[in-house]
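Colleague: Listed in order, the protein sequences are those of chains S and P. Per my numbering, the first sequence starts with residue 177, numbered consecutively. Per my numbering, the second sequence starts with residue 15, numbered consecutively. Here a beta-carbon is modelled for each residue, glycine too, at the ideal position from N, C-alpha and C. This structure is a prediction, so every number in the text was calculated from the model and none was measured.
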Amino acid sequence: MTGPLGLYVPGRSPLHRCPPGPKLLGLAVALVLALRYPLLAAGPVVALYALARIPVRLALAQVRPLWGVLLVTGVFQTITIGWERAAEITSSLMLSVALASLVTLTTRVSAMLDTIAGVARPLRRIGIEPDRVALLLALTIRCVPLLTDILGSVREAQLARGAGRNPLALVVPVIIRTLRTADALGEALTARGVDDE
Amino acid sequence: MIEIERVSHRFIDRTVLRDVTVTLAEHRIGVIGANGSGKSTFARLINGLVRPSEGRVSVDGLDTRRDAGKIRRKVGFVFTDPDNQIVMPTVAEDVAFSLRRAKLPREEVRRRVTAALERFGLSDHADHPAHLLSGGQKQMLALAAVLATEPTTVVCDEPTTLLDLRNTRMVGTLLHQLPQRVVLVTHQLDLLDGYDRVLVFDDGRLVVDDRPGPAVAAYRRLMT
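1) In three-state DSSP terms, what is P/R195?
2) Decide yes or no for the touch test of the stretch 36-48 of chain P against the stretch 205-219 of chain P: beta carbon pairs closer than 8 angstroms, at least 3 of them.
3) Just curious, the alpha helix (DSSP H) that S/V185 is in, first and last residue?
4) Nearest-angstrom Cα distance between S/P349 and S/Y213?
5) Which residues bound the alpha helix (DSSP H) around P/I60?
6) Under 8 angstroms between C-beta atoms, does P/H190 make it to chain S?
7) Which chain S residues sit within Cβ distance under 9 angstroms of P/R86?
8) Does the stretch 192-212 of chain S come close enough to the stretch 260-277 of chain S to have 3 or more Cβ pairs within less than 8 angstroms?
9) Taking only the alpha-carbon atoms, compute the straight-line gap between S/P198 and P/D217 and give it to the nearest angstrom.
10) Is P/E172 close to chain S, meaning its C-beta is less than 8 angstroms from at least one C-beta of that chain?
11) Would you identify the three-state DSSP class for S/V370, choosing helix, strand or coil?
12) With 16 other CB atoms within 10 Å as the buried threshold, where does P/F93 fall?
13) Is there a C-beta anywhere in chain P that falls below 8 angstroms from the one on S/S380?
14) Please determine, among P/E19, P/V36, P/S51, the residue with the shortest C-alpha to C-alpha distance to P/R28.
15) How far does the beta strand (DSSP E) with P/H23 in it extend, from its first residue to its last?
16) Quick check: the stretch 353-365 of chain S against the stretch 72-87 of chain P, are at least 3 beta-carbon pairs closer than 8 angstroms?
17) Tell me whether the beta-carbon of P/P96 lies closer than 8 angstroms to the beta-carbon of P/A156.
18) For the beta strand (DSSP E) containing P/T150, list its first residue and its last residue.
19) Could you round the C-beta distance between P/L113 and P/V123 to whole angstroms and report it? I think they count as a contact, below 8 angstroms.
20) Just curious, the alpha helix (DSSP H) that S/T249 is in, first and last residue?
21) Sort S/R284, S/L335, S/A296 by Cα distance to P/H142 and report the nearest one.
22) When you compare only the Cα positions, how much space is there between S/A367 and S/L315?
23) Have a look at S/W243 and S/A206 and give me their C-alpha separation to the nearest angstrom.
24) Could you tell me which residues DSSP puts in a beta bridge with P/P143?
25) Take every Cβ of the stretch 102-110 of chain P, pair it with every Cβ of the stretch 133-142 of chain P, and state whether three or more of those distances are shorter than 8 angstroms.
26) Mind listing the chain S neighbours of P/P119? Cutoff is C-beta to C-beta under 9 angstroms, in chain order.
27) Would S/I351 count as contacting chain P if we go by Cβ distances under 8 angstroms?
28) Look at the alpha carbon of P/N98 and the alpha carbon of S/E260, and state the distance between them as a whole number of angstroms.
29) With DSSP as the reference, label S/T178 as helix, strand or coil.
30) Just tell me which of S/G362, S/D359, S/G328, S/A360 has its CA closest to the CA of S/V423.
31) Given that P/A110 touches chain S, what residues does it touch there, using C-beta distances under 8 angstroms?
32) Quick check on this structure: which residue in P/R79, P/L31, P/N49 has the alpha carbon closest to the alpha carbon of P/T175?
33) Verify the CB distance criterion: does P/P66 have a CB-CB separation below 8 angstroms to chain S?
34) Any idea which residues DSSP pairs P/G44 with across the strands?
35) So is S/T283 in contact with chain P if we call contact Cβ pairs under 8 angstroms?
36) Determine the chain P residues that contact S/I317 at a beta-carbon separation under 8 angstroms, and present them in chain order.
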């Protein structure tokens, strides 16, 4: 499977069938409730994952990247504001990420982009194309693995050439390759009809 | 028909194409030459990605300066690195990308995406993240996305450079079987077997224009 961005798990659950608009509104309401009543919200969030038939391993993978941060902030908050409040803040952060991930797990990116383009339609009055806003979001999601690949291969090359962990030797080629990739992506977008309207 | 008349092209102060004139009416056209010989720029002229500094390029009567948008709907372009061509996060969504931009009805988009994924053996990966595909699968996805738009011409700029032998053969066979006109820029000379015509570029000039056998032989002589 994939990381938290851009992942969609095909399915036919009520959450999969729900259009992105109501789902995003529901997410906003759920986030407010999760922040306000974090300890009570845990049960319903687990139930929603079960309703969407998301495998446990995949559900846990959504919050796994947070564990390090939560541990550090949790310890700090326990020392400064007490364990009850620390537990509340830690839970609400974890639940918020879990809820947002549930939306991406059950919504195709294309459906989300259609919704965003629809919501952004009034921006046309001030000269902003709604489709461009949606495309921008799609490209942002697409660029995460692209940039990760660039960073990984430059780091590998740096180690292979014995450059150690010199930040300059990492940053300069990463920037150059990123700019080249941006150029190539721009050219591909043109070839695929983006500038033709 | 692709008509290139007295085309020269410069990038800032470097001339990459010099006074190229050629008319291409064949079904399978190969383009070969050393690195930096101008063949990729030549390929980009054909769908208006590069507009010539001098001269004129037209495809089926449409001028690339005036009608670049219309030409790009007729001429699909496959790049060397599929990672740069894949725009959407998942496989099916990437195939659908150009179709949605062309404002095709949703049902038609779905039909074409399903057909393209089936044809390229990607049906089981429809909802998978595109970046997790293998190199060969990514190039198949890039081809599927281009062919789903039903172009009349497919221009490929070294589409097999990053592929292993099996995937290279697969892409070569696939290009060979396409009903569309194909312009293939490549360093893999055996892919050009059975092509109708091969152009050899050297230092921005079209130096040989012949059947694959004599053209490849001339290219080998040039490289010694």
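Modeller: So, from the data block:
1) Three-state DSSP puts P/R195 in a strand.
2) Using a C-beta cut-off of 8 angstroms, the stretch 36-48 of chain P makes contact with the stretch 205-219 of chain P, since at least three inter-stretch Cβ pairs fall below that distance.
3) Per DSSP, S/V185 belongs to no alpha helix (DSSP H) and is neither H nor E.
4) A direct Cα-to-Cα measurement between S/P349 and S/Y213 gives close to 47 angstroms.
5) From DSSP, the alpha helix (DSSP H) with P/I60 extends over 53-60.
6) No, because no Cβ of chain S sits closer than 8 angstroms to the Cβ of P/H190.
7) Those are T366, A367, R368, G369, D371, D372, listed as they occur along chain S.
8) The count of Cβ pairs closer than 8 angstroms, one atom from the stretch 192-212 of chain S and one from the stretch 260-277 of chain S, reaches three, so the stretches are in contact.
9) S/P198 and P/D217 have their C-alpha atoms spaced approximately 59 angstroms apart.
10) Not one chain S Cβ lies under 8 angstroms of P/E172.
11) S/V370 falls in the coil class under three-state DSSP.
12) That one is buried.
13) This structure cannot speak to residue 380 of chain S, because chain S is shown only from 177 to 373.
14) It is P/S51.
15) That run of the beta strand (DSSP E) goes 16-25.
16) Touching, no.
17) Against a cut-off of 8 angstroms, the Cβ pair of P/A156 and P/P96 comes out as a contact.
18) Rather than Thr, the amino acid found at residue 150 of chain P in this sequence is Gly. Counting along the chain, no beta strand (DSSP E) covers P/G150; the unbroken alpha helix (DSSP H) around it starts and ends at 149-161.
19) The beta-carbon distance between P/L113 and P/V123, rounded to whole angstroms, is 5 angstroms. This is short enough to meet the 8 angstroms contact definition.
20) 243-257 is the extent of the alpha helix (DSSP H) around S/T249.
21) Among S/R284, S/L335, S/A296, the Cα nearest to that of P/H142 belongs to S/R284.
22) Distance between S/A367 and S/L315, taken at the CA atoms: about 16 angstroms.
23) Going by C-alpha positions, S/W243 is about 22 angstroms away from S/A206.
24) Beta bridge pairing from DSSP links P/P143 with P/T104.
25) Result yes; three or more Cβ-Cβ pairs closer than 8 angstroms.
26) Neighbours of P/P119 across chain S, judged by C-beta separation under 9 angstroms, do not exist; the nearest C-beta is about 14 angstroms away.
27) No, its Cβ sits nowhere closer than 8 angstroms to a Cβ of chain P.
28) A straight-line Cα-Cα distance of about 49 angstroms links P/N98 and S/E260.
29) Confidence at S/T178 is low in this model, with a pLDDT of 42, below 50, so the placement of that residue should be treated as unreliable; the coordinate-derived value is given next. In this structure, S/T178 counts as coil in the three-state DSSP scheme.
30) The requested residue 423 of chain S does not occur in the structure, where chain S is confined to residues 177 to 373.
31) In chain order, S286 make up the part of chain S whose C-beta sits under 8 angstroms from the C-beta of P/A110.
32) Comparing Cα positions, the closest option is P/N49.
33) Chain S contact via Cβ: absent.
34) Bridge partners of P/G44 according to DSSP: P/L198, P/V212.
35) False, the Cβ-Cβ gap to chain P never drops below 8 angstroms.
36) The contacting residues are P103.
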